[in-house]
Amino acid sequence: MNQQNVAAPINTDSHTNPLLHHLLSLTMASSPTIFFSVIVLFLFSISSSSFAKTSSSSFRPKALILPVTKDRSTLQYTTVINQRTPLVPASLVFDLGGRELWVDCDKGYVSTTYRSPRCNSAVCSRAGSISCGTCFSPPGPGCSNNTCGSFPDNSVTGWSTSGEFAMDVVSIQSTNGSNPGPFAKIPNLIFSCGSTSLLKGLAKGAVGMAGMGRHNIGLPSQFAAAFSFNRKFAVCLTSGKGVAFFGNGPYVFLPGIQISGLQTTPLLINPFTQNEKSPEYFIGVTAIKIVDKTVPISPKLLKIDGSTGIGGTKISSVNPYTVMESSIYNSFTSEFVRQAAARNMTRVASVKPFGACFSTKNVGVTRVGYAVPEIQLVLHSKDVVWRIFGANSMVSVRDDVICLGFVDGGVNAKTSVVIGGFQLEDNLVEFDLASNRFGFSSTLLGRRTNCANFNFTSTA
1 MNQQNVAAPI NTDSHTNPLL HHLLSLTMAS SPTIFFSVIV LFLFSISSSS
51 FAKTSSSSFR PKALILPVTK DRSTLQYTTV INQRTPLVPA SLVFDLGGRE
101 LWVDCDKGYV STTYRSPRCN SAVCSRAGSI SCGTCFSPPG PGCSNNTCGS
151 FPDNSVTGWS TSGEFAMDVV SIQSTNGSNP GPFAKIPNLI FSCGSTSLLK
201 GLAKGAVGMA GMGRHNIGLP SQFAAAFSFN RKFAVCLTSG KGVAFFGNGP
251 YVFLPGIQIS GLQTTPLLIN PFTQNEKSPE YFIGVTAIKI VDKTVPISPK
301 LLKIDGSTGI GGTKISSVNP YTVMESSIYN SFTSEFVRQA AARNMTRVAS
351 VKPFGACFST KNVGVTRVGY AVPEIQLVLH SKDVVWRIFG ANSMVSVRDD
401 VICLGFVDGG VNAKTSVVIG GFQLEDNLVE FDLASNRFGF SSTLLGRRTN
451 CANFNFTSTA
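Per full-length UniProt numbering, residue 1 is the first one in the sequence shown, and the count goes up by one each step.
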């Protein structure tokens, strides 16, 4: 991943270099000593300029950022990464559990720096490729011979196709934690070339998915390897424009509020997926409470079955709302409805995809959203609790109707609880891959800021 900087040849042709031509005209009648001195000064000035350009290209940031914007039509979160030569802004669906970056190479992928790794190369090994491809169409991006195969996955639709691994330039903006800084280039970021058909179901304009999962070629790991910073990233989603940080903090939001003191819990590994460990992020929810009342749930469902990969709790940015296995959902909803009735909340007809909806009459509004029963996700210790208030539990479907923003995932749900995007909004969540820890702030609304308050005004 190390880029070698090679200085460009110096132009010493007096006809095409105006500075040299001017210096020569001033010294033609002078002594040889003066002439030689002028030439030395010229060469020094040129080499100094060349070195400055070389040094700027080796800029090594301590942290990077990406904007993450919610698409109102699909409820997906998207980001933009500048890729290729010349650079092109690629709109991508932000996928927390995605294995890698994949883009559509069938339609209009043009780059002078596109490279295909050879079969059995170190790049193919790092990417975890188990196939070697031959392409029978005209050669080009996504169609190379003797290169390692990939299987890019659309995690929104669950559809996957065959493709190939590739490398190309990407440019990512740096940050000091408070503002964006200069852009930094990675010359050979590994990604997967997919087909146009794989874009079905993605937000309008998206050309692929930005995989943030726990894998050697997940974007957090590649960014960290490129610039030798910590394998850690943090995400702050919102209903508008949020932010993702990569590397070291701080995490600062307007008006100058630094988010620290996160509660942490271990990141768990789901050992069961195709040929390798799951790149998705699982945490150990041990109980769910509503206003300190424990929801009756089979403990078996909250654990990952090591032989099948079924069960447990994962965090997802492609699910718009939290999804629960049917028996969990029914118990959870029943308890919430019971507690809501005790607050004189009036239940009304359901609005799909939600099961429990209420009139806003008699429901107050606080700094952290509607004044409804508090939901608590108890993690590895009874003292480590992710608290969910009205802003993250209630979805406004009409002016006078709000619904509990959790949905039924069916009796055969592979993962028992999938914490979705709406429940993550205005919460800062941190994934420390080196120490296998997950950190969370609970709602930032209680800290008088939110995830839309990162100052994207550049200081570069």
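The C-beta atom is built at its ideal place from N, Cα and C for all residues, glycine as well. Predicted model only: the values in this text are computed from it and were never measured.
Thinking just about the alpha-carbon of each residue, which of the options is nearest to the one in residue i?
i: residue 423; options: 391, 451, 437, 197; result: 391
i: residue 317; options: 60, 68, 83, 62; result: 68
i: residue 170; options: 179, 188, 343, 154; result: 188
i: residue 236; options: 342, 96, 101; result: 96
i: residue 149; options: 218, 137, 119, 138; result: 119
i: residue 446; options: 85, 389, 115; result: 389
i: residue 155; options: 209, 126, 411; result: 209
i: residue 272; options: 410, 414, 241; result: 414
i: residue 333; options: 126, 405, 59, 307; result: 405
i: residue 86; options: 287, 114, 433, 228; result: 114
i: residue 285; options: 457, 418, 78; result: 418
i: residue 355; options: 342, 326, 151, 364; result: 326
i: residue 269; options: 105, 308, 456; result: 308
Alpha carbon to alpha carbon, how far is residue i from residue j?
i: residue 243; j: residue 211; result: 15 Å
i: residue 164; j: residue 83; result: 17 Å
i: residue 294; j: residue 300; result: 16 Å
i: residue 217; j: residue 112; result: 22 Å
i: residue 379; j: residue 303; result: 12 Å
i: residue 416; j: residue 139; result: 44 Å
i: residue 94; j: residue 410; result: 25 Å
i: residue 340; j: residue 346; result: 8 Å
i: residue 449; j: residue 370; result: 17 Å
i: residue 47; j: residue 59; result: Unreliable placement is indicated for residue 47, whose pLDDT of 33 sits below 50; the coordinate value is still reported in the next sentence. Cα to Cα, residue 47 sits roughly 19 Å from residue 59.
i: residue 65; j: residue 246; result: 6 Å
i: residue 219; j: residue 184; result: 14 Å
i: residue 263; j: residue 256; result: 21 Å
Tell me the DSSP secondary structure of residue i in three-state form.
i: residue 379; result: coil
i: residue 37; result: Any reading at residue 37 is ruled out, since the residue's pLDDT is 38, under 50, leaving its predicted position unreliable.
i: residue 258; result: strand
i: residue 409; result: coil
i: residue 272; result: coil
i: residue 329; result: helix
i: residue 280; result: coil
i: residue 147; result: strand
i: residue 357; result: strand
i: residue 444; result: helix
i: residue 196; result: helix
i: residue 221; result: helix
i: residue 454; result: coil
i: residue 75; result: coil
Kindly give me the distance between the Cβ atoms of residue i and residue j, rounded to whole angstroms, as I take these residues to be in contact under 8 Å.
i: residue 70; j: residue 238; result: 7 Å
i: residue 331; j: residue 310; result: Residue 331 to residue 310, Cβ: 19 Å. No contact.
i: residue 129; j: residue 135; result: Rounded, the Cβ-Cβ distance is 15 Å, inconsistent with contact.
i: residue 192; j: residue 147; result: Rounded, the Cβ-Cβ distance is 11 Å, inconsistent with contact.
i: residue 436; j: residue 266; result: 6 Å
Say yes only if the C-beta of residue i is nearer than 7 Å to one or more non-hydrogen atoms of the ligand FMN, and no if none qualify.
i: residue 203; result: Looking for the ligand FMN in the displayed structure turns up nothing, as the structure carries no ligands at all.
- Flag this pair as touching only if the segment 426-433 and the segment 221-234 have three or more C-beta atom pairs under 8 Å; answer yes or no. Flag = yes, the segment 426-433 and the segment 221-234 touch.
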